[in-house]
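Structure record follows, encoded as structure tokens.
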Amino acid sequence: MAVIAAYTTSPLVAYSALNTSLNELLGGVLQPTLPDLNVSLPWPEKFIHVETEDYTLFGSNSLYRRTAGFHGDLAFDVNVSPDDPPNVLVLVVESFRFHDSRYLVGDEDPSNLFRGTNLTITPNFDRWAKRGVALRNFWSSWRTSRSVESILFGQLPYDSTTESGMTGGRNDTKLSGLPQLFTAKGYETFFTTGCTTDYDAWDLFLPSHGFDTVWGRGEMMELAERDLGIKSDEWFGAEHRSLSWGVHDDLSFELLGNLMINKTKEQSERRADKKPKKPLFLTHYTISSHVDFKQRPRWFDEAVKPNFSALYEGKEYADNIQNYQEIRYFTDMELGKFMDRMGEEGILNDTIVVIVGDHGQGPEFGNNVPEDRDVSATRVAGTIIAEGRMADAAGLVIDDATEQRVRSGRSGSFFEAQD
């Protein structure tokens with residue numbers, strides 16, 4: 018798995034990541050330009066970072082290409098053994114923006130996102146990110162289905178306001194992404210979410226594009242009733258164990274933990290029988306922090322919560338921001354419980370964990386067009402946690418905007434705004 022970031026944004030990337038309605042209306046006249054564009058370069062090199070990527074184009078008029086590898090200075094390394102490959106867990110958190118993590122924003126807080134306080138909305142993410150490598154210059158496309166295209170398959174999101182690259186299942190589209198990579202390496206591929214998977218045909222797309230097993234809302238509800246003692250009338254009754262989009266994150270994280278423990282036991286039994294380990298590649302999408310941010314389990318609604326009022330008092334959509342921050346805190350709390358449990362069970366000794374927002378959010382703009390708060394909606398939190406595999410890199414915070422400038426010695430303006 019490679020994480021590539023650059024110090025500037027090409028028109029192609031910016032056009033893909035942000036709300037493009039105005040760009041399309043005006044024929045692309047508002048697309049950003051490269052500050053150091055060399056017009057004499059072959060046209061693909063205007064959009065591909067050729068100094069670090071080895072690639073072969075499939076056609077003279079397309080950026081579709083086969084990437085053979087990357088080169089350049091190594092920021093950090095994750096030690097793995099081909100004889101005992103680790104499990105890989107990708108946790109994709111609904112609407113998790115960079116803005117919310119004090120650890121990522123930093124103590125200086127140049128955009129005053131935390132208004133002079135020492136608050137963080139995500140104490141558990143911050144705590145775990147400090148044990149891994151934190152990614153500050155990390156971006157994802159609005160909305161969730163487009164994040165699946167980008168995170169799992171490295172695709173530029175499908176250019177449509179009504180469809181995504183997953184719509185209808187895309188059974189005739191062949192993709193080579195992380196599921197295919199890990200399948201080729203002998204991994205079992207698993208996708209879980211508390212969300213309904215008939216949304217945008219996830220239930221058709223995911224099994225036909227590399228995932229051996231897919232669990233969605235239906236499977237999670239069945240398992241929660243069987244294994245966790247949840248009663249059927251608790252889903253949409255007074256207990257609110259589900260929101261309209263699916264099973265809340267407290268239950269889905271507990272079920273995910275059970276799955277990870279059971280799979281690890283199966284792997285140990287296989288090795289005891291002198292059989293190959295069959296490592297696991299699993300992607301999990303959370304759902305509780307989906308707009309409108311008001312739907313939460315009864316127990317959490319009645320619980321004492323941190324006072325985040327200093328972050329939203331006096332703002333136009335103060336109630337909406339408060340709802341967002343509280344449900345963000347809820348998911349972070351459940352993420353922390355899950356990670357702590359995996360640590361106590363020894364799962365993290367044999368698992369690389371990637372945590373990333375599927376996209377950002379803009380509750381400060383209300384819930385009709387929050388994506389218009391462009392940076393807030395597309396700059397996401399990210400970290401890689403690999404206990405015992407990172408040596409001195411544990412605790413590293415990668416801010417490519419600064420590091421790339423030092424390494425390349427290029428001059429020019431750089432993106433500094435945090436929101």
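Counting in my numbering, the sequence shown runs from 18 upward without gaps. Don't be surprised by glycine CBs; every beta carbon is placed ideally from N, CA and C.
Query - Collapsed DSSP secondary structure at residue 153 in the structure displayed - result: coil
Query raised in the report: With burial defined as no fewer than 16 other Cβ atoms inside 10 Å of the residue's Cβ, what is the status of residue 253: buried or exposed?
Result: exposed
Query raised in the report: Exposed or buried, residue 18, counting other C-beta atoms within 10 Å across all chains shown (16 or more means buried)?
Result: Low confidence applies to residue 18: its pLDDT is 47, below 50, so where it sits in the model is not reliable, and the reading given next is rough at best. Classification for residue 18: exposed.
Query raised in the report: Can you list, in chain order, the residues of its chain whose CB lies under 6 Å from that of residue 155, leaving out five sequence neighbours each side?
Result: 397 and 399
Requested in this report: Would you tell me roughly how many angstroms separate the C-alpha atoms of residue 82 and residue 72, rounded to the nearest one?
Outcome: 6 Å
Query raised in the report: If you draw a straight line from the C-alpha of residue 350 to the C-alpha of residue 265, how long is it?
Result: 12 Å
Report task. With a cut-off of 8 Å on the beta carbons, I'd call residue 106 and residue 328 a contact; round off their distance for me. Result -> No, residue 106 and residue 328 are not in contact; Cβ-Cβ is about 30 Å, not under 8 Å.
Query raised in the report: Skipping 5 residues on each side, what residues in its chain have a beta carbon closer than 6 Å to that of residue 77?
Result: none
**Report entry** Closest residue to residue 274 among 110, 164, 100 and 365 (Cα-Cα distance)
**Finding:** 365
Report task. Please say whether residue 199 and residue 230 have beta carbons closer to each other than 8 Å? Result -> no
Query raised in the report: Hey, how far is the Cα of residue 394 from the Cα of residue 122?
Result: 15 Å
Requested in this report: Check residue 115 in the structure and name its three-state DSSP category.
Outcome: helix
Query raised in the report: Three or more C-beta pairs closer than 8 Å, one from the region 161-181 and one from the region 106-121: is that the case here?
Result: yes
Requested in this report: Compute the Euclidean distance between the alpha carbons of residue 368 and residue 333, then round it to the nearest angstrom.
Outcome: 43 Å
Query raised in the report: Below 8 Å between beta carbons: does that hold for residue 247 and residue 268?
Result: yes
Report task. Report the option in 212, 282 and 378 whose CA atom is closest to the CA atom of residue 305. Result -> 212
Query - Limits of the alpha helix (DSSP H) - the one that residue 72 falls within - result: From DSSP, residue 72 is part of no alpha helix (DSSP H) but of the beta strand (DSSP E) over 70-74.
**Report entry** Coarse secondary structure for residue 372, derived from DSSP in three states
**Finding:** strand
Query - residue 184 and residue 218 closer than 8 Å at C-beta - result: yes
Query raised in the report: Alpha carbon to alpha carbon, what distance is there between residue 182 and residue 258?
Result: 31 Å
Query raised in the report: Under the DSSP definition of a beta bridge, which residues are partnered with residue 219?
Result: Beta-bridge pairing links residue 219 to no other residue.
Query raised in the report: For residue 387, which of 61, 69 and 114 has the nearest alpha-carbon?
Result: 114
Requested in this report: Mind the definition here: the region 279-296 touches the region 227-245 only if three or more C-beta pairs lie below 8 Å; say whether that holds.
Outcome: no
Query raised in the report: Which word fits residue 371, buried or exposed, when buried means at least 16 other C-beta atoms lie within 10 angstroms of its C-beta?
Result: buried
Requested in this report: Assuming residue 342 contacts residue 325 (C-beta within less than 8 Å), just tell me the rounded distance between them.
Outcome: 5 Å
Query raised in the report: Going along the chain, which residues of its own chain have a beta-carbon closer than 7 Å to the beta-carbon of residue 11, five neighbours each way excluded?
Result: The chain is shown only over 18 to 436; residue 11 falls outside these bounds and no answer can be derived.
Requested in this report: Determine the burial state of residue 141: buried for a count of at least 16 other Cβ atoms within 10 Å of its Cβ, exposed for fewer.
Outcome: buried
**Report entry** residue 273, enclosing alpha helix (DSSP H) - first and last residue
**Finding:** 266-289
Requested in this report: Tell me where the beta strand (DSSP E) around residue 83 begins and ends.
Outcome: 82-87
Report task. Excluding the 5 residues preceding and the 5 following residue 262 in the sequence, name in chain order all residues of the same chain whose CB lies nearer than 6 Å to its CB. Result -> 212, 304 and 307
Requested in this report: Consult DSSP for residue 104 and reduce its assignment to one of helix, strand or coil.
Outcome: strand
Requested in this report: If I'm right that residue 148 touches residue 411 with Cβ under 8 Å, what's the distance once you round it to whole angstroms?
Outcome: 6 Å
Query raised in the report: Taking the alpha-carbon positions, what's the residue 281 to residue 373 distance?
Result: 23 Å
Query raised in the report: Around the Cβ of residue 210, are there at least 16 other Cβ atoms within 10 angstroms (buried) or fewer (exposed)?
Result: buried
Query raised in the report: Terminal residues of the continuous alpha helix (DSSP H) containing residue 352?
Result: 335-361
Query raised in the report: When you compare only the Cα positions, how much space is there between residue 47 and residue 347?
Result: In this prediction, residue 47 has a pLDDT of 46, which is less than 50 and means its spatial position is unreliable; what the coordinates show is noted afterwards. For residue 47 and residue 347, the distance between alpha carbons rounds to 38 Å.
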